[in-house]
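Notes for the one structure printed next.
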Amino acid sequence: MEQGFTIQVEGTAGKKIRRRVRRRQFPMTPAHAFTDYRAQGQTLPYVLIDIARPPTGKLNLFNLYVALSRSAGRETIRLLRDFDVDVFKQSHDAYLIQEDERLEGLDKRTHEWWDSMRTNFILST
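For the sequence shown, our numbering assigns the number 133 to the initial residue and increments by one for each residue that follows.
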């Protein structure tokens, strides 16, 4: 938004000088920014998300999930700029898949152990 107007100032020796002044203002809304890591666990009323690949580092599926799931609904999410759709086609890191399988195995063994403890307790009483 730009606005122009004329002002009068007093110059040297008390002479009045007319000057044209132009004021330019950019429409802004107060806000703050934070990373997807900081946003975890929060529900925000409105979000403006940048899911374009960063110049350094990378963007993985976990980053995308956290960023896109912080809003109260689809209607309150806005994307800052275009992005490469291939970012959604990437696979999870092999180490993460392996760790998830390990944790599922531990969970299964823990359930089996508790079931055997309960059975042994019932038989011994």
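Just so you know, even glycine gets a beta-carbon here, dropped at the ideal spot from N, CA and C.
Backbone secondary structure at residue i - three-state DSSP
| i | result |
| --- | --- |
| K147 | coil |
| T138 | strand |
| I229 | helix |
| S201 | coil |
| L191 | coil |
| R154 | strand |
Sequence-distant residues of the same chain with beta carbon closer than 8 Å to residue i, five excluded per side
| i | result |
| --- | --- |
| V153 | G136, F137, T138, I139 |
| R210 | Y178, V179, L180, I181 |
Euclidean distance between Cα positions of residue i and residue j
| i | j | result |
| --- | --- | --- |
| T208 | L176 | 9 Å |
| E231 | M160 | 45 Å |
| T251 | H243 | 12 Å |
| V217 | I183 | 10 Å |
| F215 | F253 | 58 Å |
| Q172 | R151 | 54 Å |
| F220 | S256 | 54 Å |
| M249 | D239 | 15 Å |
Nearest to residue i (by Cα), restricted to the options the options
| i | options | result |
| --- | --- | --- |
| R185 | I149, R150, L212, V179 | L212 |
| R155 | V141, Q174, E134 | E134 |
| H224 | Y169, A199, F253, K190 | K190 |
| T167 | A204, L228, V198, T144 | V198 |
Beta-carbon contacts of residue i that lie in its chain and below 7 Å, excluding the five residues immediately before and after
| i | result |
| --- | --- |
| L82 | It is not possible to answer for residue 82, since the shown part of the chain is limited to 133 through 257. |
| Q157 | M133 |
| N195 | D168 |
Chain E contact for residue i (CB, 8 Å cutoff)
| i | result |
| --- | --- |
| M249 | Protein chain content of the structure displayed is limited to a single chain, and chain E is not contained in it. |
Same chain, Cβ closer than 6 Å to residue i, neighbours up to 5 away in sequence not counted
| i | result |
| --- | --- |
| W245 | none |
Segments assigned beta strand (DSSP E), at least 3 residues, entirely inside the segment 205 to 256: 209 to 211
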